[in-house]
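Notes for the one structure printed next.
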Amino acid sequence: MKNTSPTSEQLHIAVVGAGPVGATAALLLIKQGYQVTLVDRQEPQPGPMGLGMDIRNVALSPASAQLLKSVGVWPQAYAAPYDTMRIWEHWGTNDLVFDATDVDQSALGWIVQVSPLLAQLWQQLHLHATSNGPLSIVLGQVQNIVVPVKTGDKVVLTVEQESAVNHVSVDLVIAADGAESVVRKSLDVPAALIPTGQMALTTVVRTEFAHQNTAWQRFLLDGPLALLPANDPHLCSVVWTQSDTSCQRRLALGDEAFCAELQHAFENRLGKVQAAAQRQGFPLRQQLAETAMPHSRVVLIGDALRVVHPLAGLGVNLGFEDIASLLKIIHANPHFLLGDPSSQLNKFARQRHLRSESMLRALDGLKRLYAQDKPGISWLRNVGVGVFNSQLWLKRQVMREAMGLTFR
Ligand SMILES: Cc1cc2nc3c(=O)[nH]c(=O)nc-3n(C[C@H](O)[C@H](O)[C@H](O)COP(=O)(O)OP(=O)(O)OC[C@H]3O[C@@H](n4cnc5c(N)ncnc54)[C@H](O)[C@@H]3O)c2cc1C
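FYI, the numbering for the sequence shown is 129 to 536, going by my numbering.
See the structure below:
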């Protein structure tokens, strides 16, 4: 008898949002043999540049690097490895130091410029978007999503394009449309918001002393200040978390005054801050959607599911974990979309929600701990750091977790 069951090429998945998370998800699904429609408002635009590099940078873990490389993407010339992370605080006497050799790795991670990363992802996407290829790219804005009531019916996305409104019918929607996800909002999924009262000021600076492939982070009372290495040993990208008012004031400073404040806040660890690029401010929030699976044929990933504080550089990395977790389920049962996929996707949703909750709680706790100005608490923090530094097994565990080496 002839086998008439559809193959994975006949199952159709839409990915909404082609930021780092959605674009990577689309490439991996194509690799698994799915027919994919990728929807984004527009192709990525080059970000603001300064001192020869993109001022938007993300720290990517070894697990994330591996995922990108598996789809042929790695912007080598724009990815600076860091083998050490050095953390200290406002009143601190002890530095907390993480070294890649402690976990037998050559790097703890890479600081990657966002524009070249997105450009490479899209270059790879275009290779698959040929007339008979497995990928359709739809440039337009998703306005609405209608989910089926009956098993077997399709999910329908309404996409507004320049001169038309189109409908895309698919077996599964993966929403990677960022913190303001229209898919999440259309399905009335509440998202719990943890306000931070903070903004992140980002820029690129030139320093007198070389950064030594180290990610430097000083916890100040109103938020952490990070100087992250670039491929040029004297260039660092800056992520400076602070109160809204301090951020507005520092955005308005002249270059010389800004460099002097940064150098002082950084305790001159890299000598004189000699030049700064254009500065940008981002309001910060932490947020978690009530569920990662609002319907048996719709899942949320990346910032559409949760937004975390940038202090641990985890946003994209958690989004990549979402993809890996979803693909594991798909890989175990490529035909899961033929029947009712809710039991498999529920497993994904539960795992990812729990992981997001624990990360949000940990980051919120860390932020609060370092905002405490009481001398007793500061003393305790310093003792804690000293003890932690001496417990290599504990440090290794934390490092393996942060590097995505424990995530399976
Ligand atoms: C200051 C700062 C520093 C950070 N540092 C780090 C770091 O070091 N490491 C790290 O891992 N993360 C970091 N992050 C977080 C990281 O930037 C985000 O987690 C990441 O961009 C989320 O990726 P995403 O693909 O889920 O969403 P986005 O990057 O937000 O992409 C969403 C995409 O969806 C599209 N879209 C949205 N709505 C629609 C619609 N209705 N129709 C069609 N398309 C739509 C958008 O055009 C966009 O392309 C940082 C964030 C900030 C603010």
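Yeah, the Cβ is synthetic: ideal placement off N, Cα and C, and Gly gets one too. Values in this document were obtained by computation on a predicted structure and should not be read as measured data.
query: Ends of the alpha helix (DSSP H) at S314?
result: Element bounds for S314: 310-314.
- prompt: With Q556 and I265 assumed to form a contact (beta carbons below 8 Å), what rounded beta-carbon distance in angstroms separates them?
  reply: Any question about residue 556 goes unanswered here, given that the chain covers just 129 to 536.
- request: Could you name the residues of the same chain whose beta carbon sits closer than 8 Å to that of A142, not counting the 5 residues immediately before and after it, in chain order?
  value: Excluding five sequence positions before and after A142, the CB atoms of its chain that fall closer than 8 Å to its own CB belong to V164, T165, L166, V167, V283, L285, V296, V298, L300, V301, I302, given in chain order.
Opposing strand residues paired with R214 [DSSP bridges]: In DSSP, R214 forms a bridge with V225, W344.
query: Is Q251 helix, strand or coil by DSSP?
result: Helix at Q251.
message: Using 8 Å for Cβ pairs, my map puts L353 next to W368. What's the rounded Cβ distance?
response: With a Cβ gap of about 5 Å, L353 and W368 count as contacting.
- prompt: What span of residues does the alpha helix (DSSP H) with Q204 cover, start to end?
  reply: No alpha helix (DSSP H) holds Q204; DSSP gives it neither H nor E.
- request: Taking 9 Å as the cut-off, decide whether the C-beta atoms of S192 and F476 are in contact.
  value: No. Outside cutoff.
query: Is the CB-CB distance between L267 and E171 below 9 Å?
result: Taking 9 Å as the Cβ cut-off, L267 and E171 qualify as a contacting pair.
- request: Would you mind stating whether S484 and V436 have Cβ atoms separated by less than 9 Å?
  value: Closer than 9 Å, so yes.
- request: Can you grab the Cα-Cα spacing for the pair S314 / A460, in whole Å?
  value: Whole-angstrom Cα-Cα distance: 30 Å.
- request: With distances taken Cα to Cα, identify the nearest neighbour of Q269 among E336, R377, L412, R169.
  value: Ranking the options by Cα distance to Q269, first place goes to R169.
- prompt: Using the C-alpha atoms, what's the distance from N294 back to Q252?
  reply: Their Cα atoms are separated by approximately 25 Å.
query: In chain order, which beta strand (DSSP E) runs of at least 3 residues are fully inside the segment 392-444?
result: You should have 401-404, 408-417, 426-428.
- request: Tell me P320's beta-bridge partners as DSSP assigns them.
  value: Before going further, note that residue 320 is Ala rather than Pro in the sequence given. Paired residues: L416.
query: Is it a yes or a no for the segment 143-160 touching the segment 329-341, going by three-plus beta-carbon pairs under 8 Å?
result: The answer is no - the segment 329-341 does not touch the segment 143-160, with fewer than three Cβ pairs under 8 Å.
field: Cβ-Cβ separation, P438 to A328 (assumed contact under 8 Å), whole Å
entry: By a beta-carbon distance limit of 8 Å, A328 contacts P438. Their separation comes to about 6 Å.
query: What's the gap between the Cα of H392 and the Cα of G399?
result: If I take the Cα positions, the gap works out to 10 Å.
message: Once the 5 residues before and after R413 are set aside, which same chain residues still bring their CB inside 8 Å of it?
response: Cβ within range, chain order: A307, L321, I322, P323, T324, V435.
message: Determine whether the beta carbon atoms of L245 and L195 lie at a separation below 9 Å.
response: Not closer than 9 Å, so no.
field: Residues bridged to H140 (per DSSP)
entry: Answer by DSSP bridge pairing, in chain order: Q163.
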